[in-house]
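J.: Attaching a single structure in structure tokens format; questions to follow.
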Amino acid sequence: MFESLSDKLGGILDRLTRRGALSAADVDTALREVRRALLEADVALDVTTAFVAKVRERAVGVDVIKSVTPGQMVVKIVHDTLVDTLGEGIGIDLNAPTPVPIMMVGLQGSGKTTTTAKLGKRLTERNTLKVLMASLDVRRPAAMEQLAVLGRQVGVDTLPVVEGQQPAQIAQRAIQAGKLGGYDVVLLDTAGRITLDDAMMAEAAEVKRAADPHEVLLVADALTGQDAVNLARSFDERVGLTGIVLTRADGDGRGGAALSMRAVTGKPIKLIGTGEQMDALDDFHPSRIADRILGMGDIVSLVEKAAATIDAEKAMRAAEKMRRGAFDLADLRDQLTQMQAMGGMSGLMGMLPGVAKMKSQLAERNLDDKVLKRQMAIIDSMTPKERRNPDLLKASRKRRIAAGSGTSPEEINKLLKMHRTMADMMKAMGSGKRGGPMAGIANMLGMGGMGGGGAMPSPEQMAELAKKMPGGMPNMPGLPSGGGLPKLPGLGGGGGLPGLPGLGGPKLPHGFPGLGKKK
Amino acid sequence: MSENKPSWWQRLSSGLKRTSASIGGAIADLVTKRKLDAGMIEELEEALIRADLGIDVAGRIAAAVGHGRYDKQIAPEEVKAILAAEVEKVLAPVAQPLTIGAARPFVVLVVGVNGSGKTTTIGKLSAKFRGEGHAVMIAAGDTFRAAAIEQLKIWGQRTGAPVVASEPGADAASLAFEALTKAREQGIGVLLVDTAGRLQNKTALMGELEKIVRVIKKVDVTAPHAVLLVLDATVGQNALGQVDAFLKTAGVTGLAMTKLDGTARGGILVAIAAKYQLPVHFIGVGEGVDDLAPFEARDFARAIAGLE
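For the protein sequence lines, the chains are V and S, in the order given. Under the working numbering, the first residue of the first sequence carries the number 654, and numbering increases by one thereafter. Under the working numbering, the first residue of the second sequence carries the number 134, and numbering increases by one thereafter.
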């Protein structure tokens, strides 16, 4: 969701970092552009003004103009200020006597009911808790039915509907049922209103009195404009919030609402909804989001995701093979599968430093994950022997494979070329060549020397990395034409992917000691 | 203010009262204090940005207000009137009612992102067209969201319109096909086709929408006769992206803005009007079945500027 803001800020700060010396006027110009970018991203005006003032103050304080790398300094200040504004990452607090009541509030259409079901599923599956969900929405047609249907879908119990009860009564009944049924958590999905009116607030306040919830979560749409501040402030004043859940964070909204709501209420954003599927509810990591906004990528999320999805043993084997330079098409097939498991091409690209722009180009060109599937189909249509030894593939075999996979010989050639560049590159890396842009990533990800128990990459390192990678990553092997992206198959190789298999290796947990704590 | 529809005016101005209050307040504050100068224009611009008009349009309108009036003493009411006139200039060309053409059934496809209020708007549209004497049919094309079909069936009952629905998860395009065929057989006047909410950056879902349009055209090449994009008044600058994407995919012919009775300003409509010149047909100003009003540029502009 933060891509466009990321593009804008990235561009502005990029221009700044390229200059050797900065005058006060340069900084002012950049900050005016930052202000504009934030406003266009729907960050509330007051929050924007405060943000820019804070950055300016810090910039003057550290005497940016005299520092050795003034541009970098400004970038760092903007980054730190973003992290400050977004606050700390805090999860749902369940530290209370069971059943722990959690109340969801928000406007109509913000995604309360869907979020309730997602949260129910998450608590049930990840925290192995027994969850009961209750809909207090007695107004919208079929709202209670909707929660019941979702409950069945995700395998979470819902409170049976009793006609004619008032929301507060239902809440009490839910808590009661929670106690009797031995539930750990009771989720209360309140009715939304179109508007922030007194009736809704009164009802919410009454439910709050009746249920005494441990968490009161405001469910808010990431696409909300300037009104986000009113929304968050009113709910906080009238009902008292403990946190915010941002929905539709998978849209191409610019996430300004997140900054605004956090800034005016001081309440943490606890979760973000990232898709229509019922497990698309993620933790919110402010510093990672800040990195992403600044186009520094989100290496930490990438590594975590890799650790969670990659088959460690397979990865070790692949890494070993790569080092020996014996990376065949079957290995490539495994990699493609892993890529898909990690959220596909677009998911991965978004997390890599400096690729935000490429990502939008990808979307424009419609280069979606179908390509992965097609490439897998091509490999699947080969015989094991062909996979081990791609040199066998001459015209007639290619025609057969093309027919078998529903592709064309041309696409097969592209795949082969990509495989060849990947294999060459890996060989080079394996034999210890450290130059070039990939080495930096490889080192950081623990591929190269598994760097002596190194810590997570610092923002400075990230910035360094981002510097190595911008501009469509022209030096990346695997991007055939260098000129920016057009030839697709190369992307699989170019996206930094080859480095990944090493990630899943058993050394990962030691390499990234900070990961576990960030939950 | 026109006398023949006080209730609608009342509703709109109460819906927009926060907007008006904040802009009006800002204007009163700044104008009673000093003469019209650059600082004042900037404050005016900020008030407009707060109303979601977007930085460009806000800047342009604020500049227009200042044009030729620098260093003059100016009364708050006067500034409001000028502001309203400037906003109206942008909005007037797009204030067009949705007219039911000659085609039978007249197919109205309703699209938008999740939670924008498509289903409710369809309920209100159904009531409106029924009230105008049309035979209305509703196609429950949101086969994705849990209970969307039930919600629409309730609206169908309330407004006396038959609802064509299939199983949750069914193909929306084939349902649209079936509904249109049925509507033809039964001599229906207006067919309202609901669709599942989709974010405009989801290529696959937008492709599905394209398919719905394509399939509808198989029955009637002139259909859909109107494609209504439903926008939520709380939405910010992202609405521009929504308009752009839905215009490309579904050929949007007009807009409806919902939830205008919230604190949201709906100022984004001004930005959309300035950029796309798409007709704005309706605004939703309440939760009742008849809380759907035709869009009136003058009223809207005056309400935004805080004129009673």
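Think of the CB as a built atom: it goes at the ideal place given N, C-alpha and C, for glycine as much as any other residue.
Is it the case that the region 876-888 of chain V contacts the region 686-701 of chain V, given that we only count it when at least three CB pairs across the two stretches are under 8 Å?
T.: Verdict: yes, contact present.
J.: Looking at chain V, is there any beta carbon in it that lies within less than 7 Å of the beta carbon of isoleucine 188 of chain S?
T.: So, interface residue.
J.: Does any C-beta atom of chain S lie closer than 7 Å to the C-beta of isoleucine 665 of chain V?
T.: So, not an interface residue.
J.: Pick helix, strand or coil for phenylalanine 239 of chain S, following the three-state DSSP scheme.
T.: In this structure, phenylalanine 239 of chain S counts as strand in the three-state DSSP scheme.
J.: Would you mind listing the alpha helix (DSSP H) stretches within the region 389-418 of chain S that are 4+ residues and don't spill past its ends, in chain order?
T.: For the region 389-418 of chain S, whole alpha helix (DSSP H) runs of length 4 or above, ordered along the chain, are 401-409.
J.: What residues in the region 169-202 of chain S have a beta carbon less than 8 Å from any beta carbon of chain V?
T.: Against chain V - using a Cβ distance shorter than 8 Å - the residues of the region 169-202 of chain S are Glu179, Ile182, Arg183, Ala184, Asp185, Gly187, Ile188.
J.: With a 10 Å radius around its C-beta and 16 neighbouring C-beta atoms as the bar for buried, classify proline 1037 of chain V as buried or exposed.
T.: The residue is exposed, with fewer than 16 neighbouring Cβ atoms inside 10 Å.
J.: Are there 16 or more other CB atoms within 10 angstroms of the CB of serine 1049 of chain V, so buried, or fewer, so exposed?
T.: Under this definition serine 1049 of chain V is an exposed residue.
J.: Alanine 795 of chain V touches chain S at which residues, Cβ-Cβ below 7 Å?
T.: What alanine 795 of chain V touches in chain S: Ala280, Glu283, Gln284, Ile287.
J.: Determine the DSSP secondary structure at proline 754 of chain V, reduced to helix, strand or coil.
T.: Three-state result, proline 754 of chain V: strand.
J.: Would you check if there are 3 or more beta carbon pairs closer than 8 Å linking the region 909-919 of chain V to the region 705-715 of chain V?
T.: At 8 Å Cβ cutoff, the stretches do not touch.
J.: Using the beta-carbon count (16 or more within 10 Å), is glycine 1101 of chain V buried or exposed?
T.: Its pLDDT being 31, under 50, glycine 1101 of chain V is placed unreliably by the model, and the measurement read from it follows with that caveat. The residue in question, glycine 1101 of chain V, is buried, as its Cβ has 16 or more Cβ neighbours within 10 Å.
J.: Taking tyrosine 409 of chain S as the reference, give the member of S/Arg331, S/Val223, S/Val296, S/Leu258 with the closest Cα.
T.: Measuring from the Cα of tyrosine 409 of chain S, the nearest candidate turns out to be S/Val223.
J.: Mapping DSSP to helix, strand and coil, what is alanine 1092 of chain V?
T.: For alanine 1092 of chain V, the pLDDT reaches just 37, beneath the cut-off of 50, and the residue's location in the model is therefore unreliable, although a value from the coordinates is still provided. The answer is helix: DSSP assigns alanine 1092 of chain V an H, G or I state.
J.: Going by the beta-carbon positions, is the gap between lysine 923 of chain V and aspartate 837 of chain V smaller than 7 Å?
T.: No. Outside cutoff.
J.: Given this structure, state the Cα-to-Cα distance separating isoleucine 743 of chain V from serine 788 of chain V, to the nearest angstrom.
T.: Near 26 Å, if we compare the C-alpha coordinates of serine 788 of chain V and isoleucine 743 of chain V.
J.: If you measure from the beta carbon of isoleucine 758 of chain V to each beta carbon in chain S, is any gap under 7 Å?
T.: The amino acid at residue 758 of chain V is misidentified as isoleucine; the sequence shows valine. So, not an interface residue.
J.: Apart from the five residues just before and just after arginine 435 of chain S, which ones in its own chain have a Cβ nearer than 7 Å to its Cβ?
T.: Excluding residues within five positions, the ones whose Cβ falls inside 7 Å are Ala217.
J.: Where do the N-terminal and C-terminal ends of the alpha helix (DSSP H) with alanine 356 of chain S fall, by residue?
T.: Where alanine 356 of chain S is concerned, there is no enclosing alpha helix (DSSP H), given that its DSSP letter is neither H nor E.
J.: Going by CA-CA distance only, name the one from V/Arg805, V/Asp850, V/Pro754 that's closest to proline 866 of chain V.
T.: Here the closest residue by C-alpha is V/Pro754.
J.: Cα separation between alanine 407 of chain S and valine 190 of chain S?
T.: If you take the alpha carbons of alanine 407 of chain S and valine 190 of chain S, they lie about 8 Å apart.
J.: Mapping the DSSP letters down to three states, classify proline 230 of chain S as helix, strand or coil.
T.: Proline 230 of chain S falls in the coil class under three-state DSSP.
J.: For a contact defined as C-beta to C-beta under 9 Å, what are the partners of valine 363 of chain S on chain V?
T.: The premise fails here: valine 363 of chain S is roughly 10 Å from chain V at the closest Cβ pair, so nothing lies under 9 Å.
J.: Who are the near neighbours of valine 403 of chain S in its chain, counting only those whose CB is closer than 7 Å to its CB and skipping five residues on each side?
T.: Excluding positions up to five away in sequence, the list reads Leu186, Val190, Val220, Val223, Leu224.
J.: Would the region 411-425 of chain S and the region 199-207 of chain S be scored as touching if the rule is three or more Cβ pairs under 8 Å?
T.: Flag = no, the region 411-425 of chain S and the region 199-207 of chain S do not touch.
J.: Against chain V, which members of the region 246-260 of chain S pass a CB distance test of less than 8 Å?
T.: Listed by position, the residues of the region 246-260 of chain S near chain V (Cβ gap below 8 Å) are Val246, Asn247, Gly248, Ser249, Gly250.
J.: If the cut is a Cβ gap below 7 Å, which residues of chain V does isoleucine 271 of chain S touch?
T.: Within 7 Å Cβ-Cβ: nothing; isoleucine 271 of chain S doesn't reach chain V, min ~13 Å.
J.: What is the residue span of the alpha helix (DSSP H) that proline 209 of chain S lies within?
T.: That run of the alpha helix (DSSP H) goes 209-224.
J.: Hey, which unbroken runs of the beta strand (DSSP E) at 3 residues or more fall wholly within the region 250-304 of chain S?
T.: Taking only runs of at least 3 residues, the beta strand (DSSP E) segments lying wholly in the region 250-304 of chain S are 269-272.
J.: Would you mind giving the Cβ-Cβ distance between leucine 803 of chain V and alanine 305 of chain S, rounded to the nearest angstrom? I have them listed as a contact below 8 Å.
T.: Not confirmed; about 19 Å, so no contact.
J.: Considering only the alpha carbon of each residue, which of V/Gln822, V/Gln806, V/Asp1044, V/Ile745 lies closest to proline 301 of chain S?
T.: Residue V/Gln806 is the option with its Cα nearest to proline 301 of chain S.
J.: What three-state label does DSSP hand glutamate 868 of chain V in the structure shown?
T.: Glutamate 868 of chain V falls in the strand class under three-state DSSP.
J.: Quick check on this structure: which residue in S/Pro230, S/Ala195, S/Glu179, S/Gly172 has the alpha carbon closest to the alpha carbon of leucine 425 of chain S?
T.: It is S/Pro230 whose Cα lies nearest to the Cα of leucine 425 of chain S.
J.: Could you give the residue range of the alpha helix (DSSP H) that holds leucine 841 of chain V?
T.: Looking at the DSSP string, leucine 841 of chain V is not in any alpha helix (DSSP H); the run it does join, the beta strand (DSSP E), is 838-842.
J.: Starting from the Cα of alanine 438 of chain S, find the closest Cα among S/Ala337, S/Ala329, S/Ile182 and give me that residue.
T.: For the residues S/Ala337, S/Ala329, S/Ile182, the minimum Cα distance to alanine 438 of chain S belongs to S/Ile182.
J.: Report the neighbours of threonine 382 of chain S on chain V: residues whose CB is nearer than 7 Å to its CB, in chain order.
T.: Ordered by position in chain V, no residue passes the 7 Å Cβ test against threonine 382 of chain S, which lies about 13 Å from the chain.
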